[in-house]
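Sequence lines, in order, name chains B and X. Take 36 as the starting number for the first sequence in the working numbering and just add one per residue. Take 110 as the starting number for the second sequence in the working numbering and just add one per residue. Heads up, the beta-carbon is just placed ideally off N, CA and C, and yes, glycines get one too. Since the model is a prediction, treat every value here as computed from it, not as a measurement. All remarks here apply to the structure that follows.
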Amino acid sequence: AQSVAQPEDQVNVAEGNPLTVKCTYSVSGNPYLFWYVQYPNRGLQFLLKYITGDNLVKGSYGFEAEFNKSQTSFHLKKPSALVSDSALYFCAVRDKGSSNTGKLIFGQGTTLQVKP
Amino acid sequence: DTAVSQTPKYLVTQMGNDKSIKCEQNLGHDTMYWYKQDSKKFLKIMFSYNNKELIINETVPNRFSPKSPDKAHLNLHINSLELGDSAVYFCASSEIPGTSGSETQYFGPGTRLLVL
């Protein structure tokens, strides 16, 4: 069964410092991986995805993620954090167990706190 | 223009009542989903529809009945509401899931349901 894990409940970063939000996955075959962000009392916003190709994927708001097949990881990164990046971040994997349902399996979420 | 919209945004009701949540997307997508986010922020898929046809039903109690009058709408009706139904319900849409896995799901703002 496909699964995704976010090992940190919360990440604290000072504004201007680089940030990393970790995600590891377990899938059979090639993974389709996604990052979403949820601001307080808002819906999920798509940040970026990895389907195939370059291991470094660039997304919205200056975020990027690095796909590492050997470590089964897809960590979210940003070179310089902003206070406005403070939010709840979800990693997700597309379920390939059943044929093409599009079902996303989400990690438990990581709260990013960026302090001025 | 709102891509995926949900009404109502907030819903407070008594146990035993029946309620509906509406979802509409103007992205021209053929597939729509319902996800539930519990009090610990965990997200899990409930249903998905392709062109008004039910594709996923994730062992959700039959008190929950999705209805898709057309491919732009997916409503969620809940009978005999229970305390445990309190959660945030998100609607999402995407292109039809295919073998490329590249389709992105776009989420609505959520409906916060509180059952008293």
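| query | result |
| --- | --- |
| Straight-line Cα distance separating B:R77 from B:K150 | 21 Å |
| Min CB distance X:K161 to chain B below 7 Å | no |
| X:L183 at chain B interface by Cβ criterion, 7 Å | no |
| Three CB pairs or more closer than 8 Å across the region 133-148 of chain X and the region 83-90 of chain B | no |
| Within chain X, the residues that B:Q143 reaches when beta carbons sit closer than 8 Å | K149, K150, F151 |
| Stretch-stretch touch, CB-based, cutoff 8 Å, three pairs: the region 118-128 of chain B with the region 56-76 of chain B | yes |
| X:V197 to X:E212 span [Cα, whole Å] | 24 Å |
| Cβ shell of X:L136 (< 8 Å), same chain only, five flanking positions each side left out | A112, V113, S202, Y215 |
| Reference X:H182, options X:T122, X:N171, X:I130, closest by Cα | X:I130 |
| Cβ-based burial, X:Q123 [other Cβ within 10 Å; buried from 16] | exposed |
| Bridge partner(s) assigned by DSSP for B:R129 | B:L139 |
| Cutoff 7 Å; reference X:Q226; Cβ partners in own chain excluding five residues on either side | The structure shown has nothing for residue 226 of chain X, since chain X only spans 110 to 225. |
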